[in-house]
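Everything below concerns the one structure shown next.
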Amino acid sequence: MATQQIFSPLPGIFYRKPSPDKPFYKNDGDVVTESDTIGLIEVMKSFNEVKAGAAGKIVRFLAENEDAVMAGQPIAEIDV
Amino acid sequence: MAVKVLKPGLATTVQDLGRPGYYHIGIPLSGAMDRHALVAANLLVGNDAGAAVLEAVFMGPELEFTADATVAITGAELPPKLDGEPRETWTSFKVKRGQILSFDFLKQGARGYVAVAGGIDVPVVLGSRSTYALGALGGFKGRKLEAGDELPIGSAGATGKDGRSVARDLRGQPAGMPTELRAMPGLYWHRITEAAGDGFFSDTWKVAPEADRIGYRFKGGKPLEFVPREPPFGAGSDPSNITDACYPYGSIQVPGGTEPIVLHRDAVSGGGYFMVGTVIAADMDLIGQLQPNTPVKFVKVDMNQALAARKSRSELLGKLHSALA
Chain A
1 MATQQIFSPL PGIFYRKPSP DKPFYKNDGD VVTESDTIGL IEVMKSFNEV
51 KAGAAGKIVR FLAENEDAVM AGQPIAEIDV
Chain B
1001 MAVKVLKPGL ATTVQDLGRP GYYHIGIPLS GAMDRHALVA ANLLVGNDAG
1051 AAVLEAVFMG PELEFTADAT VAITGAELPP KLDGEPRETW TSFKVKRGQI
1101 LSFDFLKQGA RGYVAVAGGI DVPVVLGSRS TYALGALGGF KGRKLEAGDE
1151 LPIGSAGATG KDGRSVARDL RGQPAGMPTE LRAMPGLYWH RITEAAGDGF
1201 FSDTWKVAPE ADRIGYRFKG GKPLEFVPRE PPFGAGSDPS NITDACYPYG
1251 SIQVPGGTEP IVLHRDAVSG GGYFMVGTVI AADMDLIGQL QPNTPVKFVK
1301 VDMNQALAAR KSRSELLGKL HSALA
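Quick note, the sequences are listed as chains A and B, same order. Take 1 as the starting number for the first sequence in the numbering used here and just add one per residue. Take 1001 as the starting number for the second sequence in the numbering used here and just add one per residue.
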């Protein structure tokens, strides 16, 4: 089993939930499919979904909810 | 020949040097947020300096070429890949028919300029090919690119050479942290207290994630304190409001006195927010390359310093032209 990182495609603010009063999309240890959304990046007044990009199990998130992130920054690790 | 858009990126638009002459009737300048980088991209591929190119913000598009072409990517460090193989920024290279140009994650800066020899041949609207998306004007159908779009490329007899590049000292990109933006105090300077004026120039601000082609918003400095007044007719009670006035390109409005917004290429041309000053022309391109959260300081200058800076920026452009002649 290999560990793979999920990168932020954009600079901006990282959100782990679809809106403030909703639960996190995914938690550490959750199983994901390739097309699952794991978070949002807010930039230029738009919210852009971040997909898992591979099927596996989320080992852990590397960025916190509402963290400022850079493009190409790892935001989660998954076991694929 | 055409370029097919396979993936559009975040907000990729067709831009040239802009559409001056209509701002007084509410149509903004538009054009590249980093005009120096646009000119560099065009000269690298043998185009006229002001030919239309693609401006890709934060994320590159994925493009398929229907004929052989010469391209160059300048501006942000948005690393190009041709059929998955890395290529250099600020350097012209050949693309063969059927090849796919894509991009790696943004490394530095904010906006990459993709020039194709011949230029992007969209219709000229009010003297420019630039996209003003808010007004659905110009560019490709007045909007940002979408998957499936086919961009016509001009023939113009352009025969771009590959392997030409721009030396680092001619690129005109922001240097140093925090980025310094020179500004002249403006007509409404008297509205804030002396302490607030000092604070504005001594605080370190950060680019807000909302910053876009219309305006660049900054956060993190102290709120401005206003001099008490009787609101003039039409101004309203908020101390940051004025009787409606014209907004210059580069002007720094501060709604509520909290978050300064520097108006940029797609700005509104007038309204009722007081302006603390104006970022000088020489530094407007730098703003176009600022990512969210970048630390920025506003540096107070006078008219003589502003004119000297403009001269020096225009000499840099002259050197770029000579180097790529």
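Backbone N, C-alpha and C fix where the C-beta goes; we use that ideal spot for every residue, glycine too.
Query: Proximity below 8 Å, CB of B/R1164 to CB of B/L1324; Result: yes
Query: CB contact below 8 Å: B/L1010 versus chain A; Result: yes
Query: A/I13 at chain B interface by Cβ criterion, 8 Å; Result: yes
Query: Interface flag, A/E42 vs chain B, CB-CB below 8 Å; Result: yes
Query: Distance between B/R1265 and B/V1124 (C-alpha atoms, nearest Å); Result: 18 Å
Query: Bridge partners - A/E49, DSSP secondary structure assignment; Result: A/L40
Query: Contact list for the segment 1078–1095 of chain B against chain A, Cβ threshold 8 Å; Result: none
Query: Close beta carbons around A/S92, own chain, < 7 Å, minus the five adjacent residues each side; Result: Past the edges of chain A, shown from 1 to 80, lies residue 92 of chain A, and the structure says nothing about it.
Query: Cut-off 6 Å between Cβ atoms - residues of its own chain near B/P1223, not counting five sequence neighbours on either side; Result: G1257 and T1258
Query: Where B/S1237 falls, given that 16 or more other Cβ within 10 Å makes a residue buried; Result: exposed
Query: Integer Cβ distance of B/R1035 from B/D1285, believed to fall under 8 Å; Result: 6 Å
Query: Beta-bridge partners of B/Q1108, as assigned by DSSP; Result: B/E1077
Query: B/Y1132 in three-state terms, based on DSSP; Result: strand
Query: Buried versus exposed, by CB contacts within 10 Å (16 or more), B/I1027; Result: buried
Query: Beta-carbon spacing of A/A54, A/V80 below 8 Å; Result: yes
Query: Any chain B beta carbon closer than 8 Å to A/L62; Result: no
Query: Minimum Cβ-Cβ distance from A/F7 to chain B less than 8 Å; Result: yes
Query: Bridge-paired residues (DSSP) for A/L169; Result: Absent from the structure is residue 169 of chain A, since the part of chain A shown begins at 1 and ends at 80.
Query: Reduced DSSP secondary structure (H/G/I, E/B, other) of B/E1085; Result: strand
Query: Where the beta strand (DSSP E) containing B/M1184 begins and where it ends; Result: T1179 to P1185
Query: is_contact[A/K51, chain B] using C-beta, thresh 8 Å; Result: no
Query: Same chain only: Cβ atoms within 7 Å of B/S1155, ignoring 5 sequence neighbours per side; Result: G1118
Query: Residue span of the alpha helix (DSSP H) that contains A/D79, given as start and end; Result: That residue, A/D79, is in no alpha helix (DSSP H); its beta strand (DSSP E) goes P74 to D79.
Query: Candidates B/A1056, B/G1220 and B/H1321: closest to B/K1007 by CA position; Result: B/A1056
Query: Continuous beta strand (DSSP E) stretch holding B/I1242: start and end; Result: N1241 to C1246
Query: B/A941 versus B/V1296, B/M1033 and B/V1053, residue with shortest Cα-Cα distance; Result: This structure gives no information on residue 941 of chain B, because the portion of chain B shown stretches from 1001 to 1325.
Query: The segment 1012–1020 of chain B contacting the segment 11–22 of chain A, beta-carbon criterion three pairs below 8 Å; Result: no
Query: Contact with chain C by A/K45, beta-carbon distance below 8 Å; Result: Going by chain labels, chain C is absent from the structure shown, which instead holds the protein chains A and B.
Query: The segment 1292–1311 of chain B / the segment 1200–1218 of chain B touching (three or more Cβ pairs under 8 Å); Result: yes
Query: Proximal chain A residues relative to B/Q1289, where beta-carbon distance stays under 8 Å; Result: Residues of chain A passing the Cβ test: none, with the nearest at roughly 12 Å.
Query: Whole-angstrom distance between B/A1072 and B/R1313, CA atom to CA atom; Result: 22 Å
Query: Exposed unless 16 or more other CB atoms sit within 10 angstroms - verdict on A/V31; Result: exposed
Query: Sequence-distant residues of the same chain with beta carbon closer than 7 Å to A/G12, five excluded per side; Result: I41, E42, V43 and V69
Query: According to DSSP, residues forming a beta bridge with B/V1057; Result: B/R1111
Query: Among B/F1274, B/Q1099, B/A1235 and B/A1011, the one whose alpha carbon lies nearest that of B/D1068; Result: B/Q1099
Query: Within 8 Å of chain A by C-beta, residues of the segment 1235–1266 of chain B in sequence order; Result: none
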